[in-house]
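Counting in the numbering used here, the sequence shown runs from 1 upward without gaps. Input: a single structure, listed below in structure tokens.
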Amino acid sequence: MSPTTREVQALDSAHYMHPFTDHKSLASKGARVMTRGEGVYVWDSEGNKIFDGMSGLWCVNVGYGRQELVDAAAHQMQVLPYYNSFFQTTNEPATKLAKRIVGLAGDRFSHVFFSSSGSESNDTNVRMVRHYWATLGQPERNVIISRKNAYHGSTICGVSLGGMAGMHAQGGLPVPGIVHIEQPYHFGLAPDQDRDAFGIEAAGWLEEKILEVGPEKVAAFIGEPVQGAGGVIIPPKTYWPEIQRICDKYGILLICDEVICGFGRLGAWFSAEMMGAKPDLITFAKGVTSGYIPLGGVVVGKRVADVLIEQGGEFNHGYTYSGHPVACAVALANLDMIEREGLVDRVREETGPHLAQHFAALSDHPLVAGAETFGMVGGFVLMKDKTCHLAFDPSLDIGMICRDHCFANGLVMRAVGDRMIVAPPLVCTKTDIDEMMKRVRICLDATLKDIQSRGWMDAAHPAG
Ligand code: PXG
Numbered sequence: 001m002s003p004t005t006r007e008v009q010a011l012d013s014a015h016y017m018h019p020f021t022d023h024k025s026l027a028s029k030g031a032r033v034m035t036r037g038e039g040v041y042v043w044d045s046e047g048n049k050i051f052d053g054m055s056g057l058w059c060v061n062v063g064y065g066r067q068e069l070v071d072a073a074a075h076q077m078q079v080l081p082y083y084n085s086f087f088q089t090t091n092e093p094a095t096k097l098a099k100r101i102v103g104l105a106g107d108r109f110s111h112v113f114f115s116s117s118g119s120e121s122n123d124t125n126v127r128m129v130r131h132y133w134a135t136l137g138q139p140e141r142n143v144i145i146s147r148k149n150a151y152h153g154s155t156i157c158g159v160s161l162g163g164m165a166g167m168h169a170q171g172g173l174p175v176p177g178i179v180h181i182e183q184p185y186h187f188g189l190a191p192d193q194d195r196d197a198f199g200i201e202a203a204g205w206l207e208e209k210i211l212e213v214g215p216e217k218v219a220a221f222i223g224e225p226v227q228g229a230g231g232v233i234i235p236p237k238t239y240w241p242e243i244q245r246i247c248d249k250y251g252i253l254l255i256c257d258e259v260i261c262g263f264g265r266l267g268a269w270f271s272a273e274m275m276g277a278k279p280d281l282i283t284f285a286k287g288v289t290s291g292y293i294p295l296g297g298v299v300v301g302k303r304v305a306d307v308l309i310e311q312g313g314e315f316n317h318g319y320t321y322s323g324h325p326v327a328c329a330v331a332l333a334n335l336d337m338i339e340r341e342g343l344v345d346r347v348r349e350e351t352g353p354h355l356a357q358h359f360a361a362l363s364d365h366p367l368v369a370g371a372e373t374f375g376m377v378g379g380f381v382l383m384k385d386k387t388c389h390l391a392f393d394p395s396l397d398i399g400m401i402c403r404d405h406c407f408a409n410g411l412v413m414r415a416v417g418d419r420m421i422v423a424p425p426l427v428c429t430k431t432d433i434d435e436m437m438k439r440v441r442i443c444l445d446a447t448l449k450d451i452q453s454r455g456w457m458d459a460a461h462p463a464g
């Protein structure tokens, strides 16, 4: 007999230390126990059916319950469940997947370095770009420029590359040699400025930082094409071309972290080129296997690969699970499925525009400001009075209140401060999106009612 919800919660609370969790507070409520998934829905142990508006954690691109991925894993486990790629050894699924991913990334790329997560992949990036410059006789070129409110993972380098102040505060990070510029958040930083002009200005902060550090010391710039965990921050269209121009001007490498953006989420296999950037390295994870099994990596451009392969000698770096045959077999089956079902084109041409229409219409809701989408990601801000850009007092945790109403009404939506974000599975049909947005509206109404009943609004600020 399967254990009761309470029994699972008791075990959880006694033994399981969760990521990013205040355990004292969790213990007082008990964790939500997820039990199964099918399509765009997940179920918890109390029988609640919940629309997964976050694709797990931005990863279940093909939705839940896809038997082909199960079969691919089972078959590979029977044939060769594991072997390493050290000591001049390889395996068939890893080689096939490397070729496939290089093909999706385009002509400027030739190789893939595999890991098991986005964080590990970004650690690989740091090591690889420093090794690249050292190989070229410029070891002093070791500084990496990133952005505030970026998310690049939770390992020491991942956190350091990221720009989350709360993460830096724990453990004395960032490590030396990683510096940050402000993010291109138009709505948050300069809503009254022309969007395209702001994009150019925000990219210019990179040039300022390069000059401050000294161009001869800068190894690379890293950025997510659209910032995900930071709250779905979509840069103005002028931003990435200008970033590319600046990287080219100073000869610095560009790393695009496509852990969220890649594999169709923004309507392209990889999104940087679509936005006007030509990265030298691309970080991937999550959607490569639709989250069914851990896999990540770096797609390595010829500029870097040629130097490392011809002149770099041994790169003293790698993971036990680099090129894991089961993970790679699942990834191949997942990519087959994305291709066969035309999900990338569907996001770009059909479901993405449909989601965008719904988000545009959300602006009639008194709480919603700055709603925007890109492919299958979307975000908006809950505001006390959007007519005068007045935010709620952060201590009220309005985003969390809204998130709780979402759960109570059968929807997973994520809160980042007062920004509410969605990233539904790419298999969503237009009807699924209609259903999700119906729930979004119900949750917004419930949040508004809740805020009103707590007396957090006044006549001058009708929204809250
Ligand atoms: N880069 C990006 C852009 C990410 O979004 C990572 C790297 C790290 O990947 P791993 O596999 O090491 O977790 C991520 C991960 C959130 C949230 O709250 C987002 C991520 C992870 C945890 C929480 O939105 N993204």
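Where is the CB? At the ideal position from N, CA and C, for every residue including glycine. All figures in this text were calculated on a predicted structure; none of them were measured in a lab.
*asked:* Taking the alpha carbon of Asp-445 as the reference point, which residue from Val-368, Asp-257 and Leu-355 has its own alpha carbon closest?
replied: Here residue 445 refers to the residue found at position 445 when the sequence shown is read from its first residue. Measuring from the Cα of Asp-445, the nearest candidate turns out to be Val-368.
_Here's the rule I'm using: 16 or more other beta-carbon atoms within 10 Å means buried, otherwise exposed. How should Glu-273 be labelled?_
As a working mapping, residue 273 is identified with position 273 in the sequence shown. That one is buried.
*Among the residues of its own chain, which have a CB less than 7 angstroms from the CB of Gly-464, if the five just before and after it don't count?*
For this step, residue 464 is matched to residue 464 along the sequence shown. Note that Gly-464 scores a pLDDT of 42, beneath 50, so its modelled location is shaky; the value from the coordinates is reported in the next line. Contacts found: Leu-367, Lys-384, Phe-392, Ile-451, Trp-456 and Met-457.
*Any contact of the segment 154–171 with the segment 119–128, i.e. 3+ C-beta pairs under 8 angstroms?*
yes
*Any idea which residues DSSP pairs Cys-256 with across the strands?*
Within the sequence shown, residue 256 is the residue found at index 256, counting from 1. In the DSSP output, where bridge partners are listed per residue, Cys-256 has Gly-223 and Ile-282.
*asked:* Assess contact between the segment 125–135 and the segment 187–202, defined as three or more Cβ pairs (one per stretch) separated by less than 8 angstroms. Is contact present?
replied: Judged by Cβ distances under 8 angstroms, the segment 125–135 makes no contact with the segment 187–202, as fewer than three pairs qualify.
*Expressed to the nearest angstrom, what Euclidean distance is found between the alpha-carbon atoms of Ala-371 and Asp-306?*
Taking the sequence shown and counting its residues from 1, one reaches residue 371 at position 371. Taking the sequence shown and counting its residues from 1, one reaches residue 306 at position 306. If I take the Cα positions, the gap works out to 43 angstroms.
*Does the Cβ-Cβ distance between Val-304 and Leu-281 come in under 8 angstroms?*
As a position in the sequence shown, residue 304 is number 304, starting the count at 1. As a position in the sequence shown, residue 281 is number 281, starting the count at 1. Yes, Cβ-Cβ distance for Val-304 and Leu-281 is below 8 angstroms.
_Using a Cβ-Cβ cutoff of less than 7 angstroms, which residues in the same chain neighbour Leu-355 once the five nearest sequence positions on both sides are dropped?_
Counting from one through the sequence shown, the residue named residue 355 turns up at place 355. Cβ neighbours of Leu-355 beyond the five flanking positions: Thr-373, Met-376, Gly-378 and Ile-433.
_Can you confirm whether the segment 248–266 touches the segment 280–299 when touching is taken to mean that 3 or more C-beta pairs between the two stretches lie within less than 8 angstroms?_
yes
*Would you check if the distance between the CB atom of Val-42 and the CB atom of Tyr-64 is smaller than 8 angstroms?*
Numbered from its first residue, the sequence shown carries residue 42 at position 42. Numbered from its first residue, the sequence shown carries residue 64 at position 64. It is a contact, given that the beta carbons lie within the stated cut-off.
*What are the uninterrupted segments assigned as alpha helix (DSSP H) that are 4 or more residues long and contained completely in the segment 324–383, given in chain order?*
325–340, 343–346 and 352–361
*Any chance the CB of Gly-199 is under 7 angstroms from a heavy atom of the ligand PXG?*
In the sequence shown, residue 199 corresponds to position 199, counting from 1. Result no, Cβ not under 7 angstroms from the ligand PXG.
*Give the single residue among Ser-55, Gly-47, Ser-25 and Ser-45 whose Cα lies nearest to the Cα of Cys-261.*
Position 261 of the sequence shown, counted from the start, is the residue given in the question as residue 261. With distances taken between Cα atoms, Cys-261 lies closest to Ser-55.
*Can you tell me which of the three DSSP states Arg-419 falls into?*
For the purposes of this step, residue 419 is identified with residue 419 of the sequence shown, where counting begins at 1. Note: Arg-419 maps to strand in three-state DSSP.
*Should Met-465 be labelled buried (16 or more other beta-carbon atoms within 10 Å of its own) or exposed?*
Because residue 465 is not part of the residues shown, which for the chain are 1 to 464, the question remains open.
*Inter-residue spacing [alpha-carbon to alpha-carbon] between Asp-71 and Met-77*: Numbered from 1 along the sequence shown, position 71 holds the residue referred to as residue 71. Numbered from 1 along the sequence shown, position 77 holds the residue referred to as residue 77. So the two alpha carbons sit approximately 10 angstroms from each other.
*asked:* What does the alpha-carbon distance come out to for the pair Leu-173 and Gly-162?
replied: Here residue 173 corresponds to residue number 173 of the sequence shown, with the count starting at 1. Here residue 162 corresponds to residue number 162 of the sequence shown, with the count starting at 1. Roughly 10 angstroms between the two C-alpha positions.
*asked:* Nearer than 7 angstroms: is that true of the beta carbon of Leu-57 relative to any heavy atom of the ligand PXG?
replied: One-based indexing of the sequence shown puts residue 57 at position 57. Yes.
_Just to confirm before moving on: does the CB-CB distance between Lys-249 and Asp-196 stay below 8 angstroms?_
In the sequence shown, the residue the question calls residue 249 occupies position 249. In the sequence shown, the residue the question calls residue 196 occupies position 196. No.
*Going by the beta-carbon positions, is the gap between Tyr-319 and Ser-453 smaller than 8 angstroms?*
Taking the first residue of the sequence shown as position 1, residue 319 is located at position 319. Taking the first residue of the sequence shown as position 1, residue 453 is located at position 453. Taking 8 angstroms as the Cβ cut-off, Tyr-319 and Ser-453 do not qualify as a contacting pair.
*Cα-Cα separation between Gly-204 and Val-126, rounded to whole angstroms*: By one-based count along the sequence shown, residue 204 stands at place 204. By one-based count along the sequence shown, residue 126 stands at place 126. When rounded, the distance between both Cα atoms is 23 angstroms.
_C-beta contact flag for Val-422 and Gly-37 at 8 angstroms_ = As a first step, residue 422 must be located in the sequence shown, where it is residue number 422. As a first step, residue 37 must be located in the sequence shown, where it is residue number 37. No, the Cβ-Cβ distance between Val-422 and Gly-37 is not below 8 angstroms.
*Compute the minimum distance between the beta carbon of Val-33 and the heavy atoms of the ligand PXG, and state whether it is under 7 angstroms.*
Here the question's residue 33 lines up with position 33 in the sequence shown. Val-33: no, Cβ never under 7 angstroms from the ligand PXG.
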